[in-house]
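Under our numbering, the letters of the sequence shown match residues 5 to 55, in that order.
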Amino acid sequence: MNRFAAAFKRISEQFMQEQNLLDKGMSDLKQRYVKPQEKTPKKEPTVIPKM
Numbered sequence: 005m006n007r008f009a010a011a012f013k014r015i016s017e018q019f020m021q022e023q024n025l026l027d028k029g030m031s032d033l034k035q036r037y038v039k040p041q042e043k044t045p046k047k048e049p050t051v052i053p054k055m
């Protein structure tokens with residue numbers, strides 16, 4: 005493996021690690037701040053009175 009390939013492999017591995025950290029951080033944030041859909045109150049169907 006030449007130097008360029010080795011450097012590219014190292015950089016791509018580092019990038020994948022950072023990407024995994026980002027994904028984990030985003031899912032943590034979503035779990036913390038985005039309310040689960042089950043907890044949202046169900047809207048009553050809007051009844052339009054007939055004229």
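Ideal Cβ placement from N, Cα and C applies to all residues, glycine included.
- When the five nearest sequence neighbours on each side are left out, the beta carbons in the same chain lying within less than 8 Å of the beta carbon of Lys13 are those of Met5, in order along the chain.
- Inter-residue distance for Gln35 and Lys28 is about 11 Å (C-alpha atoms, whole angstroms).
- In this chain, Glu48 is not harboured by any alpha helix (DSSP H), its DSSP state being neither H nor E.
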